[in-house]
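Residue numbers (full-length UniProt numbering): 1 to 335.
Rendered as structure tokens:
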């Protein structure tokens, strides 16, 4: 297993290969040479493990890792240490920093800066900016097989995947591991557009309809509660959804009741039992915007952090293996 922070990625082949000593190769000073035997794509790592071979090249599963707000790639790597030690060594985890310097994030008191955010804010325009930066990261460091996102990084991953899907663009990830996601916001102004416009046009607060009530209820128990606990970075001012607010600037909260398409790649969602109730509610939203048949959800015993207990780490790894297997199974689908 490898992990590194924002280094240019070398190209790699998707074809499995095995170095073998063959007496039928061209002669050399030792009367044999190294030849390359190619295999079709299958679980070569498992075969090598069965054969007791540990020094031969194996497949590399490359995963892009996105940290939470007010953190960094290096800090996320530290937070994931138990997971990184336990996961299959053929994985290559690439950690990157968000493009926007910001203040220290919630729960990051043990770390020294600098600290970063993946977004300057959560309006559609600012989310587009974050998506474009992610596009450039993938172009520079990819290709990748999957994406791992923690907190803000998880929400950005889902927002990005959803936009690629709804615009019928090629999605650069086959699976996603989402840990303690904050509430995802869309870059598409059409998401929740009608209900947001109606709230901003509302002149009689007592005349709210059912859609407005559903949207505001989620907003209150996620964004509203996070603000009360000084745990929302960058800030979202709920008054932007009230009468006189500017709809074009309002973050497009991906409310499951108003998101028309679910995310159709395998996803694993992990949350902490001791996390704040508003954070667990945000993670529930992140889970709900994904196709249920392709999503797994699990809860560990900790708070707003990746799982630390060996048994819980193993459970996450089993779920990750499931997601990878499902991505192979549905690779031929035109989704």
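For every residue, glycine included, the Cβ atom is placed at its ideal position computed from N, Cα and C.
Contact belief for residue i with residue j at Cβ below 8 Å, rounded distance in angstroms
i	j	result
residue 180	residue 271	6 Å
residue 337	residue 165	Outside the shown range of the chain, which is 1 to 335, sits residue 337, and nothing can be said about it.
residue 171	residue 265	7 Å
C-alpha gap between residue i and residue j, whole angstroms
i	j	result
residue 318	residue 245	46 Å
residue 322	residue 106	31 Å
residue 329	residue 177	17 Å
residue 268	residue 113	29 Å
residue 121	residue 254	15 Å
residue 324	residue 64	15 Å
residue 221	residue 278	6 Å
residue 151	residue 69	7 Å
residue 167	residue 288	20 Å
residue 234	residue 118	10 Å
residue 320	residue 203	49 Å
residue 192	residue 157	19 Å
residue 189	residue 251	9 Å
residue 86	residue 248	45 Å
residue 72	residue 102	10 Å
residue 315	residue 129	35 Å
residue 195	residue 187	16 Å
residue 210	residue 257	11 Å
residue 137	residue 74	16 Å
residue 185	residue 60	32 Å
Span of the beta strand (DSSP E) around residue i
i	result
residue 62	61-66
residue 268	267-272
residue 162	Note, residue 162: premise wrong, no beta strand (DSSP E); alpha helix (DSSP H) at 152-166.
residue 101	100-102
residue 75	Premise fails: residue 75 lies in the alpha helix (DSSP H), 73-79, not in any beta strand (DSSP E).
residue 317	Note, residue 317: premise wrong, no beta strand (DSSP E); alpha helix (DSSP H) at 310-329.
residue 177	175-179
residue 300	295-300
residue 144	Looking at the DSSP string, residue 144 is not in any beta strand (DSSP E), and its letter there is neither H nor E.
residue 96	91-96
residue 239	Note, residue 239: premise wrong, no beta strand (DSSP E); not H, not E.
When the options are compared against residue i, the one with the closest alpha-carbon
i	options	result
residue 207	227, 243, 85	243
residue 115	96, 279, 126, 85	96
residue 93	133, 104, 141	141
residue 216	238, 229, 231	238
residue 205	126, 118, 241	241
residue 229	276, 189, 266	276
residue 261	84, 309, 159, 139	159
Residue i, enclosing alpha helix (DSSP H) - first and last residue
i	result
residue 195	193-201
residue 127	124-141
residue 278	277-288
residue 215	210-219
residue 226	225-228
Heavy atom of the ligand MG within 7 Å of residue i beta-carbon
i	result
residue 278	Although the ligand MG was asked about, the structure shown includes no ligands whatsoever.
Below-8 Å beta-carbon distance, residue i vs any chain D residue
i	result
residue 237	Annotation note: the requested chain D is absent from the structure, which comprises a single protein chain.
Stretch-stretch touch, CB-based, cutoff 8 Å, three pairs: the stretch 195-210 with the stretch 284-293: no
The stretch 122-135 / the stretch 75-83 touching (three or more Cβ pairs under 8 Å): no
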